[in-house]
Amino acid sequence: MIDADRLRVLVLNGPNLNMLGTREPAIYGTHTLRDVEELVATKGRELGLDVTCFQSNSEGELIDTLHAARGTHAGLVLNAAGLTHTSVVLRDAVAASELPFVEVHITNVHKREPFRHTSLLSDVAHAVIAGAGIRGYAFGLEVLSDLLGQRR
Numbered sequence: 011m012i013d014a015d016r017l018r019v020l021v022l023n024g025p026n027l028n029m030l031g032t033r034e035p036a037i038y039g040t041h042t043l044r045d046v047e048e049l050v051a052t053k054g055r056e057l058g059l060d061v062t063c064f065q066s067n068s069e070g071e072l073i074d075t076l077h078a079a080r081g082t083h084a085g086l087v088l089n090a091a092g093l094t095h096t097s098v099v100l101r102d103a104v105a106a107s108e109l110p111f112v113e114v115h116i117t118n119v120h121k122r123e124p125f126r127h128t129s130l131l132s133d134v135a136h137a138v139i140a141g142a143g144i145r146g147y148a149f150g151l152e153v154l155s156d157l158l159g160q161r162r
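When you line the sequence shown up against the numbering used here, it's residues 11 to 162, in that order.
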């Protein structure tokens, strides 16, 4: 149930993040996407935010979700996964959504393969959090809450 007194925030997860906990646990850890969703729901309640979570392996579904969030959500926490480094159309959808957003990465992408060092999203993000594990999502909500507090 949506609380009218809470700002709605979208937490959007890209390809392969549904495999958290089993996909390369030495790199991504053993927390699951469900753990991420529980973490952001709890943190959102603490911050007075109504958090909606969505994950897709489809670039088009992510873009459609961003389009639908425009005008219905106040902000975005985005882990675009591999699309961070490759998707101009996802970047354009983020910009078109006009939502303030925080880019999140579970791992420190700058300690990984060189192709992961470039983000097509960072220049339109309000903040980038990388390498904090799933806690990065909670940090992202805190940053977003601060940004949105300035708009209330």
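Note that beta-carbon positions come from the ideal geometry of N, C-alpha and C, so glycine has one too.
Bridge partner(s) assigned by DSSP for residue i
i, result
"Phe-111", "Leu-86"
"Thr-96", "Partner(s): none; Thr-96 has no beta bridge."
"Ala-148", "BP columns for Ala-148 are empty, so no partner."
"Ile-139", "Val-114"
Collapsed DSSP secondary structure at residue i in the structure displayed
i, result
"Arg-80", "coil"
"Ile-116", "coil"
"Ala-51", "helix"
"Asn-28", "helix"
"Arg-16", "coil"
Close Cβ partners of residue i (< 6 Å) along its chain, the five nearest in sequence each way excluded
i, result
"Leu-22", "Phe-64, Leu-88"
"Leu-158", "Leu-17, Ala-84, Gly-85"
"Val-153", "Val-112, Ala-137"
"Arg-145", "none"
CB of residue i within 8 Å of CB of residue j, strictly
i, j, result
"Val-19", "Gly-54", "yes"
"Arg-101", "Leu-72", "no"
8 Å contact criterion, which residue i and residue j should meet: CB distance rounded
i, j, result
"Val-134", "Ala-105", "5 Å"
"Glu-108", "Arg-80", "6 Å"
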